[in-house]
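Sequential numbering of the sequence shown, starting at 508, is according to the numbering used here. We put the beta carbon where it would ideally sit given N, CA and C, even for glycine. Treat the numbers as computed from the prediction; the structure is a model and nothing was measured. Written below as structure tokens is the structure these notes are about.
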Amino acid sequence: FALGEYFFIPLTEKEEDALLTKVSKDTKIKCKRDKLSRGGHKPHFARRLIKMRRGRKVYAQGAISHQDHDPLILNNWHMVYRNRETESPGITGFVD
């Protein structure tokens with residue numbers, strides 16, 4: 508799935524189980540409503556978001572909303588990837 512400058516890749520059942528086990532054992536990892544933001548732009552909000560410090564991985568579940576788009580509903584946990592197309596040489600502007 509894609510929404511704006513983000514891609515959401517579903518986790519396998521095994522990956523999801525491992526993620527939830529890790530979150531339940533590590534009190535430093537929070538699962539909460541939070542924003543996905545590149546800084547300086549209107550953020551997307553995720554109903555449930557997990558940001559891992561190690562590896563800088565981000566996972567989302569539930570409604571993903573943005574004022575310029577209809578919400579995207581993720582029933583299962585998904586890995587979040589940011590579109591890096593605009594970081595390529597010769598590309599300028601904002602992609603949304």
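Chain-order list of residues whose beta-carbon lies under 6 Å from that of residue i (same chain, five-residue window excluded)
i    : result
K542 : P550, F552
D533 : none
L527 : none
Nonlocal neighbours in the same chain, by C-beta distance under 8 Å from residue i, ignoring five residues either side
i    : result
M459 : Lying outside 508 to 603, the shown extent of the chain, residue 459 is not represented and no answer is given.
G569 : A553, R554, R555, I580, L581
T519 : none
K539 : R555, L556
L510 : H551, I571, H573, H576, L579
Own chain residues within Cβ distance below 7 Å of residue i, not counting five before or after
i    : result
D577 : none
I516 : H585, M586, Y588
From the options, residue whose alpha carbon lies closest to that of residue i
i    : options                : result
W584 : G511, A509, L510, E522 : E522
H548 : E512, S531, D524, M586 : E512
R563 : R589, D575, H573       : R589
message: Ignoring anything shorter than 4 residues, give me the alpha helix (DSSP H) runs that lie fully in the region 508-588, in order along the chain.
response: 520-532
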